[in-house]
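Student: Protein chains in written order, with the numbering used here: chain A, 431 to 743; chain B, 431 to 743; chain C, 431 to 743; chain D, 9 to 108; chain E, 9 to 108; chain F, 9 to 108.
Heads up, the beta-carbon is just placed ideally off N, CA and C, and yes, glycines get one too.
The model shown is predicted, which means the values in this text are computed figures rather than measured ones.
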Amino acid sequence: MDPVVLFFLLGVIARLLKSDLRLPEAMYEGLSIYLLLAIGLKGGVELAKHPIGPLLPQVGGVLLLGMALPLLAYPVLRHVGRFGRPDAASIAAHYGSVSMVTFAVALAFLVDRGIPHEEYMPLFVVVLEVPGLMIGILIAKLGAGGGLRWGALAHEVFLGRSILLLGGGLAIGWISGPEALAPQAKLFFDLFKAVLALFMLEMGLVAASRIRDLRRAGLFLLAFGTIVPCVFAVIGITTGALIGLSPGGAMLLGTLAASASYIAAPAAMRIAVPEANPSLSLAASLGVTFPFNVVVGIPLYHRLTGMLHAAVP
Amino acid sequence: MDPVVLFFLLGVIARLLKSDLRLPEAMYEGLSIYLLLAIGLKGGVELAKHPIGPLLPQVGGVLLLGMALPLLAYPVLRHVGRFGRPDAASIAAHYGSVSMVTFAVALAFLVDRGIPHEEYMPLFVVVLEVPGLMIGILIAKLGAGGGLRWGALAHEVFLGRSILLLGGGLAIGWISGPEALAPQAKLFFDLFKAVLALFMLEMGLVAASRIRDLRRAGLFLLAFGTIVPCVFAVIGITTGALIGLSPGGAMLLGTLAASASYIAAPAAMRIAVPEANPSLSLAASLGVTFPFNVVVGIPLYHRLTGMLHAAVP
Amino acid sequence: MDPVVLFFLLGVIARLLKSDLRLPEAMYEGLSIYLLLAIGLKGGVELAKHPIGPLLPQVGGVLLLGMALPLLAYPVLRHVGRFGRPDAASIAAHYGSVSMVTFAVALAFLVDRGIPHEEYMPLFVVVLEVPGLMIGILIAKLGAGGGLRWGALAHEVFLGRSILLLGGGLAIGWISGPEALAPQAKLFFDLFKAVLALFMLEMGLVAASRIRDLRRAGLFLLAFGTIVPCVFAVIGITTGALIGLSPGGAMLLGTLAASASYIAAPAAMRIAVPEANPSLSLAASLGVTFPFNVVVGIPLYHRLTGMLHAAVP
Amino acid sequence: MQTHARKLVVIITESPLESSLVKDVLALGAHGYTVADVRGGGRHGTREGSWEADRNIRMEVICDAPLAESIAAHVMQRYARNYATTVFLADIGVLRPEKF
Amino acid sequence: MQTHARKLVVIITESPLESSLVKDVLALGAHGYTVADVRGGGRHGTREGSWEADRNIRMEVICDAPLAESIAAHVMQRYARNYATTVFLADIGVLRPEKF
Amino acid sequence: MQTHARKLVVIITESPLESSLVKDVLALGAHGYTVADVRGGGRHGTREGSWEADRNIRMEVICDAPLAESIAAHVMQRYARNYATTVFLADIGVLRPEKF
Ligand SMILES: Nc1ncnc2c1ncn2[C@@H]1O[C@H](COP(=O)(O)O)[C@@H](O)[C@H]1O
Ligand SMILES: Nc1ncnc2c1ncn2[C@@H]1O[C@H](COP(=O)(O)O)[C@@H](O)[C@H]1O
Ligand SMILES: Nc1ncnc2c1ncn2[C@@H]1O[C@H](COP(=O)(O)O)[C@@H](O)[C@H]1O
Ligand code: NA
Ligand code: NA
Ligand code: NA
C-alpha cells in the first residue's frame, strides 16, 4: 500500500483510539496552501508548453461534466434519500465539486507507476470546481423564496482560497515557464509527495472524527458516498476518453468526478444555503467518500479506465 | 562545535539576554511532529531489512534497562534529595524515560563522523520510553491512597503524541520499505539535520527559561541532573555491549539512558501524579540535563563507549 | 518577470479583490525566521573564507551611510511633508533602516543572472540596520521633553528578532564554516528562493491592505516613497563603489539603502516614539516603497549601477 | 475615578460570520469591537476547530443599553436560526463615556 | 426585548484539563461551553505557554445560578488543590432562557 | 457556597505593551493576570493582526475595587493617549477571597 495511504490510516487509527494527536491549525493551513500552489504551478508549467487553442474543446467538455454531476446527484438525494431541498442541494454541490487532495493522491499514484497523463490536468480541476458549486446553489435557491446575492456568491466561489491559489499557481507557472521556475522546483515539486503524506495524516484525523456524525446520518449516506463516486468515475472516465484524453488523463478526470469537496463547498454552502445542515454533507464527503476514494477508489478507477478507455471510439 | 549545538546556544543566549525571540507554537509543534515521524520512518525502513526474530532478545534487554532506570533514580531522589514521594516518583519517571531530541543530536553526531550503528535504533526509543513512565507512576501510586485509573494512564502513555508518531513512523517505514518511501526521503531524511537545527533554537529558548525555576530548586537538582546522566550512560552503554550492539549502537543506547523526558513524561505525570510539582522535574530535565547532554554529554559518552565497549566480553 | 515578483502580485491581487486568503500568522513568522537565518548563515559561511581585517574600512563606510540616510530624510519630511517632529523622525528611521525581504529579492535577482557580488553582504545588513533606528530615535527625542530610556531602546534595537536571527546566523555560519554546514545547506540554501516566493505572497497581501491607509496619508507619501528610494539607491551604489565593492555588491548596498524597514523599525518606534502615528510610516514603507522596489526599483538600480560604478574612480 | 455604566454584548458564533458581523455591528452604531478565536460545544454539537467548518469566534461589543439591545436582537433574528449562536449581555463600567 | 438572568462561570486553568473539564461540566448539566487559549500568571508562577506544560485555557459556561454553584464547587474540589486554577462568576442576561 | 465580590478589570490594547502591562499590574499589587490574543477595531482603525504592528491583546485582572481603580487609572494615564486602548470593569464573584 502506498505510504501516502498509510499516513492517512495512521491518522484514522490515532483518532479512533482517541489519541490527542493534532496537527496545529497553522500547519494544516500551511500544508494546504503549499499543495494548492504546487499543483497549480506544475499544471501551469506544462500549460506553457502547449498551444491553448486545441485545449478549448476539452475545457468545454469538462465544463459540461461539471454542470451535469450535481444535477444527477440532486434527484437521488431528494427522492431516494428523502432530504429536504436545502440539504439535497448542499450535498449535491459537494459531490459536483472536487477534492484537491484526492486528485493529488491519484496524481502520485500515476507518477509512481510511470503512467503518462496530460500534465495540464490541474486546469481541469478549476474548470470542474466552479460549476459544481454554482449549480448546487442554483438548485437550492430556485423555488425557495428569498433573493440570491449573486455578487457575494461569485466572490465566495471564485475568490475562495482553493480556486485562488490553484488558479494563481497555474497563472504563475504559465507566465514563468519551466526555466524561471527551476529554483522553485526543489520545494514545490521534489517535496510534493512527502508534504502530501503529512497532509494525509491530518486528513485521517479529521475524516475519522466525522464518523460519529455519520452514525446519526444513517445508512443512506454511506451507500450514497460509495456508490455515487463509482458512477461519477465511470462518467468522468468516459468523458475523458470522449474529449481525447490519454488513459492516465481520463483516469484523473474520473477521480475528480468521483471526489467530493470538503473545503470550498462547505464554506460556499454555509453562506448560500444556511438552512442546510453542514454536518450531513461533511460526514458524507469527508467521512465516507474521501477515505473510500483514497483507499479503494483510486486503484479501482485505474482498472475501470483500462476497460472503458479502449471501448470509447 | 556542531552547528546544531550552536543553534541551541543561540536560543539560550537570546533568552538570557531577554530577547523577545519566540518560535510560534505551531512551528514548534510542526517541527516536533516532523522529527518524530522522520526518526520513526528511518528506523522502520531499516527494520524492514532485518529479520525480526534475532532482535527480540535485544528488545528484552532494553525493556529491562527501561524498568531499572527509574527504580535506581527513585531512592536517590527520596533519600538524598529528600523529596516527597510524588515529586521523587515524578522526577524518576522523567529520567527513566527518554528525550527524542537528545537522541536525534547523538544520531547526527554519529552520522557526521561516519560511525556505523544499528539503524533500527528508533525501535529501542519506543521500548525504553514506555516502562520508564509506567514504573514512575507505579511508584507514586503504590502506598499512596486513592485508586489508579490504569486505563487512562495506558492511554496517556501509549497514545501520547511521541509514541504514536514514532511508532506510526516505524510501522509505515517497515510496511513500505525503502523503495516505496524514496519520494518521501527528500523531505524526511535529507532535510533532517537542518530541521533539527531549527528545533534546537527553540529548545535553547525553552531550556534557558527554566533556569529561574532551577535556582529555586537548588543545588541538589543541579548535581542530580548532571551526575545521574553519566551513571545512566555507563549502564546504557554496558547494556548495549551486552546485548550485542555495535559501539555506535551502544553509544546511542547510553545516550538514551542518560537523557530525560520533557514532553511525554510531564504530560503523563501531570495526570497521574497531580500532587507532584511540575516545575521541579522540568527544571531538572530541561534546564540541566538536556543542555548538559547536548553540549558535554554526547561527546563524553562517545569516549566512554570507546573504553567500555571493548571491556565487555 | 521573476516568479518571486509574480507571487507578490498574486497576493496584491487577492487582497484587492477582497479574497479571504490569509497565510496563518505562525506560517508567516516561521518563514521570516527561516529567511533571516538563511541569509545570516550564507553570509557567515562566506565571511569564514575572508580575513576580517580588510573588511573593517568597508564596515566603517557602511556605518556612515547608515547614519547619513535618516538625517537626509528627516528635513524633507519635516519641511516639505510638514509632518510633526515625532512622525518625521519615525518615518526617517524607517527609511534609514532596511528591508530584509527587499535584500533577498535583489540577491535572487543577481544569482539568477549570474552576477558576482560580495557574498558576505549580509554583514552589512546588520551594520546598516542599527544606526538608522538609533538616529531616528535620537532625532525624535532631542528637543522633545521627557527622558529617553536608552537601555530599553538598545535592547529593542539589538535584540529585536531581525538583528538577533541575522546576527546569530552570521555567527553560526562563521564559526562552523562551509563543511560543517553542508547538511544544513539543503534546507537553508537550496530551498531559499522558493520559501522567499511563499513569503512574497504574504507580503503582497499585507502591502495591498496598506493602500487604504495611504489614501488618507496623501500624495506626499506616495512621492516620498518612490523618489527617496531612488536617491538613496544612488547614494548607496556610490558608497559601495567608493569602499571597493564589486558592481554586484554596490547594487546590493544601493538596494539596501533604498529599502525601508517594516518589521524592526515599527516595533522600535512604537516604543521609542509612541506619539508617532504608526499607520503613516507603514503605509509608506510597506504600501509604497516595498512594492516599488520589488517591481520597479531592483531592475532600475541594476541599470544605475552600470552607469555609476564605472564613474567612481 | 468615576465609571460610567455600559453594556457588554458577547456573541459566540461560527467563524465564517465574522466579517458580516463586524459590518452589521458597526452599521448599527457601535464604535468598536473585539474578536477572539474560541472553540466550544452546544446545541449544534461540538465545534472544536478540528475542521475549517467547525471554528467559533467570540465577539465583544461595548455600547449603551439601547444599542446593546438592538445588536442582540439583530443577531438573534439574522443569524441564530441557521447558525450556532450564543448571545449574552453584561453590565460593565467604562472610564471614557464618550468612547462607547 | 427582555433578558433573563443567568450566571457566567469562568474557569482559567491548565490546558491538559480541558477534555476532563468539558466532560465534568456537561455531566453536571450544562448545555454548552466555550474555551479559549490564554496565558497568565498567578500563585503557580508564570504560565506563558513557552512550553507545552505551561499553557492555560479559559472556559466559559452560561447556566442558572444553582448549576453555576455546583460547577464552581466541583472545580474547586477536584482541580484547584493540585492545578493552577482560577474560578469566577458573573451575572449576565441571556435572550433565550430555554437554551441555558 | 459563598462568593466574595471582586472587580474584573479588562484591558484591550496593542500587543507590544504586554510585558510592560504585566510588570505594571503586578507592581500595583495584583496577584495574577490572564492574557489572550484578540483582534478588533475602534477609534484607531482596524487591528486585524494582518501585520505584526496590528495585533491586540486582552488582559483580565481580578482584584478588589480600590486596586481595580488604580490599575484602570494607571493604564489610562500611561498608555491610553498614544496607544489603541480600551478598559472596562465588571463586578464578579470569587470563591477564594484571599487569592485575589
Ligand atoms: N451554555 C453555554 N455556555 C457557554 N458557551 C456556550 C453555551 N452554549 C453554547 N455555547 C457556545 O455557543 C456556540 C454555539 O452554541 P449552540 O448554538 O448551542 O451550538 C457553542 O459552540 C459554544 O461555543
Ligand atoms: N488575579 C488574577 N486575575 C486574572 N487571572 C488570574 C489571577 N490569578 C490567577 N489568574 C489566572 O489563573 C491561572 C492560575 O492561577 P494560579 O493558580 O494563581 O497560578 C493563572 O495562570 C492566570 O492565568
Ligand atoms: N466599543 C468597543 N467594543 C469592544 N471593543 C472595543 C470597542 N472599542 C474599541 N475596542 C477594542 O479596543 C481596541 C482599541 O480601541 P481604539 O483605541 O478605539 O482603537 C480596538 O482595536 C478593539 O479591539
Ligand atoms: Na465530484
Ligand atoms: Na533516561
Ligand atoms: Na534604507
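Taking 8 Å as the cut-off, is the beta-carbon of LEU499/A closer than that to any non-hydrogen atom of ligand 4?
Tutor: In the first sequence, residue 499/A corresponds to position 69, counting from 1. Checking the Cβ of LEU499/A against ligand 4 gives yes.
Student: Three or more C-beta pairs closer than 8 Å, one from the stretch 678-698 of chain C and one from the stretch 609-628 of chain C: is that the case here?
Tutor: Too few Cβ pairs lie closer than 8 Å, so no.
Student: Could you please tell me which residues of the stretch 46-80 of chain F, in chain order, have their CB closer than 7 Å to any CB of chain C?
Tutor: The residues in question are GLY53, GLY57, SER58, TRP59, GLU60, ALA61.
Student: Return the CA-CA distance between LEU712/C and HIS585/C, expressed in angstroms with no decimal places.
Tutor: As a first step, residue 712/C must be located in the third sequence, where it is residue number 282. As a first step, residue 585/C must be located in the third sequence, where it is residue number 155. Each residue's Cα considered, the two are about 22 Å apart.
Student: So what does ILE20/E bridge to, in DSSP terms?
Tutor: Counted from its first residue, the fifth sequence places residue 20/E at position 12. Answer by DSSP bridge pairing, in chain order: ARG66/E, THR94/E.
Student: Note down, in chain order, each residue of its chain lying with its Cβ closer than 6 Å to the Cβ of GLY48/D, except the 5 sequence neighbours on either side.
Tutor: Against the fourth sequence, residue 48/D aligns to sequence position 40. Hits under 6 Å: ARG55, ASN64.
Student: Counting Cβ pairs closer than 8 Å, one from the stretch 712-729 of chain A and one from the stretch 632-648 of chain A, do we hit at least three?
Tutor: Cβ pair count under 8 Å is three or more, so yes.
Student: Hey, quick one: how far does the beta strand (DSSP E) through ALA44/E stretch, first residue to last?
Tutor: In the fifth sequence, the residue the question calls residue 44/E occupies position 36. 41-50 is the extent of the beta strand (DSSP E) around ALA44/E.
Student: How many angstroms separate the CA atom of GLU549/C from the CA atom of LEU682/C?
Tutor: In the third sequence, the residue the question calls residue 549/C occupies position 119. In the third sequence, the residue the question calls residue 682/C occupies position 252. Going from the Cα of GLU549/C to the Cα of LEU682/C covers about 11 Å.
Student: So, using beta-carbon positions, are LEU493/B and VAL557/B closer together than 9 Å?
Tutor: Residue 493/B sits at position 63 when you count from the first residue of the second sequence. Residue 557/B sits at position 127 when you count from the first residue of the second sequence. Yes, the Cβ-Cβ distance between LEU493/B and VAL557/B is below 9 Å.
Student: Apart from the five residues just before and just after ALA570/C, which ones in its own chain have a Cβ nearer than 6 Å to its Cβ?
Tutor: Locating residue 570/C in the third sequence gives position 140, where the first residue counts as 1. PRO516, ALA519, VAL703, listed in sequence order.
Student: Might you give, ordered along the chain, the residues of its own chain that have their beta carbon closer than 7 Å to the beta carbon of PRO433/C, omitting 5 neighbours on each side?
Tutor: Counting from one through the third sequence, the residue named residue 433/C turns up at place 3. Excluding positions up to five away in sequence, the list reads ALA627.
Student: Identify whether ARG14/E lies in helix, strand or coil by the three-state DSSP scheme.
Tutor: As a working mapping, residue 14/E is identified with position 6 in the fifth sequence. Reduced to three states, the DSSP call for ARG14/E is strand.
Student: Please compile the residues from chain A whose C-beta is within a distance smaller than 8 Å of the C-beta of ASP450/C.
Tutor: Counted from its first residue, the third sequence places residue 450/C at position 20. Residues of chain A passing the Cβ test: LEU589, GLY590, ARG591.
Student: Can you give the beta carbon distance from ALA663/B to TYR731/B, rounded, assuming they're within the 8 Å contact cut?
Tutor: Position 233 of the second sequence holds residue 663/B. Position 301 of the second sequence holds residue 731/B. Yes, ALA663/B and TYR731/B are in contact; Cβ-Cβ is about 5 Å, under 8 Å.
Student: Buried or exposed, going by whether 16 or more other CB atoms sit within 10 Å of the CB of ALA740/B?
Tutor: Sequence index remark: in the second sequence, residue 740/B carries index 310 (1-based). Answer is exposed; the Cβ neighbour count stays below 16.
Student: Comparing the C-beta of ASP32/D with each C-beta of chain F, is any distance below 9 Å?
Tutor: For this step, residue 32/D is matched to residue 24 along the fourth sequence. With 9 Å as the cut-off, ASP32/D does not count as an interface residue toward chain F.
Student: Per DSSP, what kind of secondary structure is ARG89/F in: helix, strand or coil?
Tutor: Taking the sixth sequence and counting its residues from 1, one reaches residue 89/F at position 81. Looking at ARG89/F - three-state DSSP - the assignment turns out to be coil, as it is neither helix nor strand.
Student: Report the residue from ARG543/A, GLU476/A, GLY634/A whose alpha carbon sits nearest the alpha carbon of PRO613/B.
Tutor: Taking the first residue of the second sequence as 1, we reach residue 613/B at position 183. For the residues ARG543/A, GLU476/A, GLY634/A, the minimum Cα distance to PRO613/B belongs to ARG543/A.
Student: Looking only at DSSP bridge pairs, what is ASP99/D linked to?
Tutor: For this step, residue 99/D is matched to residue 91 along the fourth sequence. Paired residues: LYS15/D.
Student: Since I believe ALA690/B is in contact with HIS524/B (beta carbons under 8 Å), could you give me their beta-carbon distance rounded to a whole number of angstroms?
Tutor: In the second sequence, residue 524/B corresponds to position 94, counting from 1. In the second sequence, residue 690/B corresponds to position 260, counting from 1. Rounded, the Cβ-Cβ distance is 5 Å, consistent with contact.
Student: Closest to LEU738/A by CA distance: which of LEU686/A, PRO708/A, VAL724/A, PRO677/A is it?
Tutor: In the first sequence, residue 738/A corresponds to position 308, counting from 1. With distances taken between Cα atoms, LEU738/A lies closest to PRO677/A.
Student: If you check the beta carbons only, do LEU589/C and ALA444/B fall under 9 Å apart?
Tutor: Along the third sequence, read from residue 1 onward, the residue named residue 589/C stands at position 159. Along the second sequence, read from residue 1 onward, the residue named residue 444/B stands at position 14. Result yes, Cβ atoms of LEU589/C and ALA444/B sit closer than 9 Å.
Student: Applying a beta-carbon distance threshold of less than 9 Å, which residues of chain E neighbour VAL102/D?
Tutor: As a working mapping, residue 102/D is identified with position 94 in the fourth sequence. Neighbours of VAL102/D on chain E: none; closest Cβ ~16 Å, over 9 Å.
Student: Whole angstroms is fine: what's the gap from GLY736/A's alpha carbon to LEU436/A's?
Tutor: In the first sequence, the residue the question calls residue 736/A occupies position 306. In the first sequence, the residue the question calls residue 436/A occupies position 6. Spanning the two alpha carbons is a distance of roughly 26 Å.
Student: For the stretch 647-660 of chain A against the stretch 451-465 of chain A, do three or more pairs of beta-carbon atoms, one drawn from each stretch, fall closer than 8 Å, so that the two count as touching?
Tutor: Taking 8 Å as the limit for Cβ pairs, the verdict is that the stretch 451-465 of chain A does not touch the stretch 647-660 of chain A.
Student: Would you give the residue range spanned by the alpha helix (DSSP H) that GLY684/A belongs to?
Tutor: Here residue 684/A corresponds to residue number 254 of the first sequence, with the count starting at 1. Here the alpha helix (DSSP H) through GLY684/A covers 677-688.
Student: Identify, in the order they occur along the chain, each residue of the same chain with its Cβ nearer than 6 Å to the Cβ of ALA76/D, setting aside the five sequence neighbours on each side.
Tutor: Working through the fourth sequence from its first residue, we reach residue 76/D at position 68. For ALA76/D, where only same-chain residues beyond five positions count, the Cβ hits under 6 Å are LYS15, VAL17, LEU97.
Student: Report the three-state DSSP secondary structure of GLY496/C (helix, strand or coil).
Tutor: On the third sequence, position 66 is the one that residue 496/C refers to. Helix, per DSSP.
Student: Which one of PRO546/C, SER529/C, VAL475/C has the shortest CA to CA distance from PRO608/C?
Tutor: By 1-based counting over the third sequence, the position of residue 608/C is 178. Looking at the Cα atoms, VAL475/C is the closest of the given residues.
Student: Counting only beta-carbon atoms, is HIS480/A nearer than 9 Å to chain C?
Tutor: Stepping through the first sequence from its first residue, residue 480/A is reached at position 50. So no, HIS480/A is outside the interface.
Student: For LEU600/A versus LEU440/A, is the C-beta spacing smaller than 9 Å?
Tutor: Residue 600/A sits at position 170 when you count from the first residue of the first sequence. Residue 440/A sits at position 10 when you count from the first residue of the first sequence. Not a contact, by the Cβ cut-off of 9 Å.
Student: Cα-Cα, which of THR11/E, HIS52/E, GLY40/E, ASP62/E is closest to GLY53/D?
Tutor: Against the fourth sequence, residue 53/D aligns to sequence position 45. Here the closest residue by C-alpha is GLY40/E.
Student: May I ask you to report which of helix, strand or coil DSSP gives ARG543/A?
Tutor: Within the first sequence, the letter at position 113 stands for residue 543/A. It is coil, neither helix nor strand.
Student: Name the residue from HIS82/F, LEU103/F, ALA35/F whose alpha carbon lies nearest to the alpha carbon of ILE19/F.
Tutor: For the purposes of this step, residue 19/F is taken as the residue at position 11 of the sixth sequence. Minimum Cα distance to ILE19/F is reached at HIS82/F.
Student: Report the neighbours of ILE693/C on chain F: residues whose CB is nearer than 7 Å to its CB, in chain order.
Tutor: In the third sequence, counting from the first residue as 1, residue 693/C sits at position 263. Within 7 Å Cβ-Cβ: GLU60.
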